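What follows is a short report on a single structure.
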Amino acid sequence: MTYREINFFKGHPSSRLLPREAVIQATAAILGPETREYDKDPYNRHPLTYGSDEGALWVREQICTFLNDQVFKFKNGARSRTQADYLNLNSGASYGMLNILLQTTLPHNGYTRQAFIITPTYFLINDCFTDAGFKGKMTAINEQGHNSIDFESLVSALDQHEAEPQPHSTTEIIQGPKLTKKVYKYVMYCIPTFANPSGNTYSLETRRRLVEIARKYDMLIITDDVYDILDYTTPSDELPSPPLRMVHIDRSTASLGEDSFGNTISNATFSKLIAPGLRFGYHESINANLARQLSKGGANVSGGTPSQLNSMIVGELLRSGAAQRCIAHLRSVYSERASILTSALKKYMPLGTEMPPLKGGYFAWITLPPAYNAMEISTILAKKFNVILADGSNFEVIGDEKNWGQSSFRLSVSFLEVDEIERGIELFGAVCKSHAITNNIVM
Ligand SMILES: Cc1ncc(COP(=O)(O)O)c(C=O)c1O
Numbered sequence: 000m001t002y003r004e005i006n007f008f009k010g011h012p013s014s015r016l017l018p019r020e021a022v023i024q025a026t027a028a029i030l031g032p033e034t035r036e037y038d039k040d041p042y043n044r045h046p047l048t049y050g051s052d053e054g055a056l057w058v059r060e061q062i063c064t065f066l067n068d069q070v071f072k073f074k075n076g077a078r079s080r081t082q083a084d085y086l087n088l089n090s091g092a093s094y095g096m097l098n099i100l101l102q103t104t105l106p107h108n109g110y111t112r113q114a115f116i117i118t119p120t121y122f123l124i125n126d127c128f129t130d131a132g133f134k135g136k137m138t139a140i141n142e143q144g145h146n147s148i149d150f151e152s153l154v155s156a157l158d159q160h161e162a163e164p165q166p167h168s169t170t171e172i173i174q175g176p177k178l179t180k181k182v183y184k185y186v187m188y189c190i191p192t193f194a195n196p197s198g199n200t201y202s203l204e205t206r207r208r209l210v211e212i213a214r215k216y217d218m219l220i221i222t223d224d225v226y227d228i229l230d231y232t233t234p235s236d237e238l239p240s241p242p243l244r245m246v247h248i249d250r251s252t253a254s255l256g257e258d259s260f261g262n263t264i265s266n267a268t269f270s271k272l273i274a275p276g277l278r279f280g281y282h283e284s285i286n287a288n289l290a291r292q293l294s295k296g297g298a299n300v301s302g303g304t305p306s307q308l309n310s311m312i313v314g315e316l317l318r319s320g321a322a323q324r325c326i327a328h329l330r331s332v333y334s335e336r337a338s339i340l341t342s343a344l345k346k347y348m349p350l351g352t353e354m355p356p357l358k359g360g361y362f363a364w365i366t367l368p369p370a371y372n373a374m375e376i377s378t379i380l381a382k383k384f385n386v387i388l389a390d391g392s393n394f395e396v397i398g399d400e401k402n403w404g405q406s407s408f409r410l411s412v413s414f415l416e417v418d419e420i421e422r423g424i425e426l427f428g429a430v431c432k433s434h435a436i437t438n439n440i441v442m
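Per numbering that gives the first Met the number 0: the sequence shown = residues 0 to 442.
Here it is in structure tokens:
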């Protein structure tokens with residue numbers, strides 16, 4: 000018997016969820032008229048020509064309204080509010096990440112000493128760190144419980160690096176003639192809300208403490224803020240109010256002088272809120288300094304912002320309200336899938352399986368009792384039943400592995416329909432049962 004593939008690994012929306020018609024309408028609104036009032040404005044420019052370095056001002060203003068007033072609901076005058084010049088538009092979180100590392104760190108001569116990456120991690124991020132020169136300089140930091148991280152290990156590793164004799168290294172080799180770049184001694188990567196893959200959300204206290212540590216050690220915290228708006232716990236017809244991003248906490252407590260750059264950067268994207276094929280996102284920093292630095296990299300000044308047309312399509316989707324409707328739709332679909340997944344896991348998985356509640360984002364991280372072998376189970380499931388699971392071995396920090404493949408899995412709700420989820424978990428449970436029998440595991 001041949002089985003139709005059921006793929007829990009894919010972390011992107013099923014095709015039926017992609018807002019094709021809304022994108023067509025937004026594109027027509029942008030490109031339909033022969034001219035636009037901003038075509039010749041150097042801060043905006045024609046959608047089909049090279050853009051400004053930071054990206055179109057009117058799009059950045061739309062994003063500010065979206066974030067300040069619709070999502071985070073900051074009061075007028077609140078220090079946490081963002082402004083257009085605190086944003087640098089880019090081509091999504093992946094390129095955004097590489098750009099941050101290239102423009103703010105210098106591992107090659109030892110100036111930037113170490114990268115700290117929360118584990119289990121979004122596996123593709125490893126390659127960005129390697130590309131930027133961090134091979135052999137990546138330390139994995141565990142999460143602790145469902146809302147914190149292992150601060151003790153982080154601080155002790157930082158102290159150890161501080162105590163080591165340092166090579167005499169300056170940032171001279173990457174300074175350009177016009178702008179003095181802020182380069183950090185340490186860098187950290189985390190996903191504070193509805194993390195990929197753990198689904199965890201850090202408490203406010205965890206976020207504040209991280210900011211304090213970052214200030215003390217000259218560390219930049221890069222947060223992938225890509226899932227926080229996909230919250231299932233509030234009604235889908237209103238935009239949720241996610242926990243404060245680290246950049247908000249940093250901004251509202253930092254001294255905002257002319258030469259302050261902050262210790263956080265929000266690396267955000269519309270891939271999970273509208274459609275990943277748009278390849279559009281933004282950096283948000285505490286003030287204009289770091290955002291400007293990121294917009295002045297070599298590739299950016301050669302041609303300007305990397306997604307000029309798509310940024311305007313998203314700007315128009317935000318302006319018209321279509322983006323907000325799209326987010327509401329995604330949240331209601333994913334929320335239904337998450338509740339089917341949760342009840343199927345409860346029904347079919349072995350007693351003692353850990354499965355934290357899935358409250359938002361794409362992913363459930365589940366851990367079998369210790370005697371089971373996750374990698375073996377996922378291989379059998381794929382071979383026998385064409386059910387594809389991501390076992391934990393996929394989420395390691397390269398060079399500092401924690402053996403996540405022994406007993407954990409990540410399951411995504413973004414790609415599968417409810418009947419596939421139910422059937423896939425039923426097969427998953429059946430394979431766990433026969434694995435238990437073969438290996439004399441007490442069930
Ligand atoms: C944590 C995280 N960061 C970044 C990305 C990629 O974002 P983008 O499509 O904007 O490059 C993903 C996509 O799976 C992700 O899970």
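C-beta: ideal position from N, C-alpha, C; glycine also.
What you are looking at is a predicted structure, and each value in this text was computed from that prediction instead of being measured.
For the pair D249 and N262, the Cα-to-Cα distance works out to about 7 Å.
Distance from the CA atom of G351 to the CA atom of G303, rounded to whole angstroms, is 53 Å. One Cα belongs to E161, the other to S152, and the distance between them is close to 14 Å. In the three-state scheme derived from DSSP, where H, G and I count as helix and E and B as strand, H107 is classed as coil. The DSSP assignment places 407-411 as complete runs of the beta strand (DSSP E) inside the stretch 390-422, in order along the chain (cut-off: 3 residues).
If one requires a minimum length of 3 residues, the beta strand (DSSP E) runs lying completely within the stretch 278-305 are 280-283, in chain order.
Listed in chain order, the non-local C-beta contacts of G109 below 7 Å within the same chain comprise Q165, P166 and S168, local neighbours out to five positions each way being set aside. In the three-state reduction of the DSSP assignment, N195 falls in the coil class. Ligand 1 never approaches D227 closely enough for any of its heavy atoms to be under 8 Å from the residue's Cβ. DSSP, reduced to helix, strand and coil, places D227 outside both helices and strands of the structure shown, so it counts as coil.
Between the stretch 195-212 and the stretch 136-149, the count of C-beta pairs closer than 8 Å reaches three or more; the two stretches touch.
Here the alpha carbon of A343 sits roughly 18 Å from the alpha carbon of A389. DSSP lists D230 as the beta-bridge partner residues of G359.
Rounded to the nearest angstrom, the gap between the Cα atoms of V22 and I312 is 7 Å. Put simply, the backbone Cα of G398 is about 7 Å away from that of M137.
Those residues having their beta-carbon less than 6 Å away from any non-hydrogen atom of ligand 1 are, in chain order, G10, G91, A92, S93, Y121, I190, N195, D223, V225, T268, S270, P275 and G280. In terms of Cβ geometry, R244 and N87 do not form a close pair [threshold 9 Å]. By the criterion of a C-beta distance shorter than 7 Å, G91 is surrounded in its chain by T268, S270, R278, F279 and G280, once the five residues flanking it on both sides are discounted.
One thing to note: D230 has its Cβ no nearer than 9 Å to the Cβ of N266. Put simply, the stretch 226-240 touches the stretch 326-336. At least three CB pairs are less than 8 Å apart. Distance from the CA of P12 to the CA of G256, rounded to the nearest whole angstrom, comes to 42 Å.
In this model, C325 and R19 are separated by some 11 Å (Cα to Cα).
Partner residues in a beta bridge of I376, as assigned by DSSP, do not exist. Three or more beta-carbon pairs separated by less than 8 Å link the stretch 402-412 to the stretch 372-386, which places the two stretches in contact.
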